[in-house]
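First to last, the protein sequences are chains A and B. Quick note on UniProt numbering: the first sequence kicks off at 1 and runs consecutively. Quick note on UniProt numbering: the second sequence kicks off at 1 and runs consecutively. Everything on this sheet refers to the single structure shown next.
Number of protein chains: 2
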Amino acid sequence: MDDALAFSALVLALSGQLVQEIHTSVSQQGFEDLRPAHGFAFARISAGGATTADLAEHLGVTKQAAAQLVEELVRKGYVERHPHPHDARARLLGLTETGRAATRAADQAARAAVAPWREELGQARFSELVADLTLLAPPGPIRPAW
Amino acid sequence: MDDALAFSALVLALSGQLVQEIHTSVSQQGFEDLRPAHGFAFARISAGGATTADLAEHLGVTKQAAAQLVEELVRKGYVERHPHPHDARARLLGLTETGRAATRAADQAARAAVAPWREELGQARFSELVADLTLLAPPGPIRPAW
DNA sequence: CTAGATAGACAAGTGGCTTGACGAGTTATA
DNA sequence: TATAACTCGTCAAGCCACTTGTCTATCTAG
Numbered sequence: 001m002d003d004a005l006a007f008s009a010l011v012l013a014l015s016g017q018l019v020q021e022i023h024t025s026v027s028q029q030g031f032e033d034l035r036p037a038h039g040f041a042f043a044r045i046s047a048g049g050a051t052t053a054d055l056a057e058h059l060g061v062t063k064q065a066a067a068q069l070v071e072e073l074v075r076k077g078y079v080e081r082h083p084h085p086h087d088a089r090a091r092l093l094g095l096t097e098t099g100r101a102a103t104r105a106a107d108q109a110a111r112a113a114v115a116p117w118r119e120e121l122g123q124a125r126f127s128e129l130v131a132d133l134t135l136l137a138p139p140g141p142i143r144p145a146w
Numbered sequence: 001m002d003d004a005l006a007f008s009a010l011v012l013a014l015s016g017q018l019v020q021e022i023h024t025s026v027s028q029q030g031f032e033d034l035r036p037a038h039g040f041a042f043a044r045i046s047a048g049g050a051t052t053a054d055l056a057e058h059l060g061v062t063k064q065a066a067a068q069l070v071e072e073l074v075r076k077g078y079v080e081r082h083p084h085p086h087d088a089r090a091r092l093l094g095l096t097e098t099g100r101a102a103t104r105a106a107d108q109a110a111r112a113a114v115a116p117w118r119e120e121l122g123q124a125r126f127s128e129l130v131a132d133l134t135l136l137a138p139p140g141p142i143r144p145a146w
């Protein structure tokens, strides 16, 4: 009956743990200058065709905040700015090889964080779980929560 | 096979949506001066026996940050400081009636956010889902993710 | 009784974000 | 095609939640 409240708490708890574990693992793999929020930017940039304004909308922040984030990631060597083919105002963003390496590290960290959970439930139940959650997940970008 | 990555994304997406919906709903119910992070503080305080230092540990921030948060919540009328029965240094924190009202509003908002998901899956499958997640959820406090 | 730990406060600084204003470039309208 | 409205990215200033560092009062262990 009141599993609704329990569900909320569980999702928040899992999400928090996930972010924490991924961040720790990525740091340990040598990317110490990245913070959790950067992952959401990487996701949009690696999807391709992103400008700073696109990124801002994806992250749900102002253009200025996104520009600042991009500047930081460029300075640290994760992101490159290219001229935009159709718009002289805009610059197209892309990941450097280092940026892609960081993305791979994060993916691997996510898999490692989830692995014990899959083991705990068993593959069959875990697959069902993913299927159920897929039905619930909202479309649209994944953003930092707050 | 690679549902692990999908699972991570789903949990993050659901968590983000959940936080956003709860915050919006709580604001609309008249608590416009509360932000998502406050909920985690309310959770610890309403559990009882909390001092500022306890709260700091629960939230994973410094004592000073917790003290500042408490000061803000006291000023806004959600929290009270009481003398600690056994320790003259410490002050025991408690929710005011307004604080409890805000907590009820947040709970109701959480239920409302989850309701459509339960409907989508059906009660039986939803219950299973909650049971599965319960197996995975780490013990310990629920904290803001980053 | 005293040494060390802990609760909370005061002060200063930091970093990620905001609002506001702007020039350069693009798109829509008449 | 001229011009008005909009958009991209940037500069500048300020905000605010958080940090580190320090201090007093109080508690606790040897």
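From the three backbone atoms N, C-alpha and C, an ideal C-beta is built for every residue, glycine too.
Residues near residue i by beta carbon distance below 7 angstroms, same chain, minus five either side
| i | result |
| --- | --- |
| GLY99 of chain B | PHE42, TYR78 and VAL79 |
| VAL11 of chain B | none |
| ALA115 of chain A | none |
| LYS63 of chain B | THR52, ALA53 and ALA56 |
Nearest neighbour of residue i, chosen from the options [CA to CA]
| i | options | result |
| --- | --- | --- |
| ALA109 of chain A | A:SER8, A:VAL11 and A:VAL19 | A:VAL19 |
| VAL74 of chain A | A:HIS38, A:LEU135 and A:LEU59 | A:HIS38 |
| ARG91 of chain A | A:THR52, A:ALA131, A:ARG35 and A:SER8 | A:THR52 |
| ALA137 of chain A | B:ASP2, B:ALA67, B:ALA9 and B:ALA4 | B:ALA9 |
| PHE31 of chain B | B:ALA105, B:LEU69, B:LEU121 and B:ALA131 | B:ALA105 |
| SER25 of chain A | A:ALA6, A:ALA113 and A:LEU135 | A:ALA113 |
| GLY49 of chain A | A:LYS63, A:ARG81 and A:LEU129 | A:ARG81 |
| LEU59 of chain B | A:GLY16, A:ASP107 and A:GLN123 | A:GLY16 |
| GLN29 of chain A | A:LEU129, A:TRP117, A:LEU121 and A:ALA102 | A:ALA102 |
| LYS76 of chain A | A:ARG89, A:GLU57 and A:GLU97 | A:GLU97 |
| GLU120 of chain B | A:GLU119, A:LEU135, A:VAL130 and A:GLY122 | A:LEU135 |
| LEU95 of chain A | A:GLN64, A:ALA6 and A:ALA47 | A:ALA47 |
| ASP2 of chain A | B:ARG89, B:VAL61 and B:ARG111 | B:ARG111 |
| LEU5 of chain B | A:ASP107, A:GLY122, A:GLN123 and A:ALA124 | A:ASP107 |
Delimiting residues of the beta strand (DSSP E) encompassing residue i
| i | result |
| --- | --- |
| ARG91 of chain A | 91-95 |
| VAL79 of chain B | 79-83 |
Sequence-distant residues of the same chain with beta carbon closer than 8 angstroms to residue i, five excluded per side
| i | result |
| --- | --- |
| LEU55 of chain A | ALA41, ARG44, ILE45, ALA66, LEU69, VAL70 and LEU93 |
| VAL36 of chain B | Going by the sequence as given, residue 36 of chain B is Pro instead of Val. Correct list, in chain order: VAL19, ILE22, HIS23 and PRO144. |
| SER27 of chain B | LEU34 |
| TRP117 of chain A | PHE126 |
First through last residue of the alpha helix (DSSP H) which encompasses residue i
| i | result |
| --- | --- |
| ALA137 of chain A | Unbroken run through ALA137 of chain A: none, as it is neither H nor E. |
| THR62 of chain A | Counting along the chain, THR62 of chain A falls outside any alpha helix (DSSP H), and DSSP gives it neither H nor E. |
Sequence-distant residues of the same chain with beta carbon closer than 6 angstroms to residue i, five excluded per side
| i | result |
| --- | --- |
| VAL130 of chain B | none |
| ASP132 of chain A | none |
| residue 147 of chain B | The shown model of chain B, from 1 to 146, leaves out residue 147 of chain B, and the question about it has no answer. |
Residue i CB to nearest heavy atom of the ligand NAP below 6 angstroms
| i | result |
| --- | --- |
| HIS58 of chain A | Within the structure as shown, the ligand NAP is missing, as the structure has no ligands at all. |
Would you be able to state if there are at least three C-beta pairs under 8 angstroms between the region 125-142 of chain A and the region 84-99 of chain A? Taking a cut-off of 8 angstroms on C-beta distances, the region 84-99 of chain A does not touch the region 125-142 of chain A, as fewer than three cross pairs fall below it.
Tell me the start and end of each unbroken alpha helix (DSSP H) in the region 17-49 of chain B that is at least 4 residues and wholly inside, in chain order. 36-47
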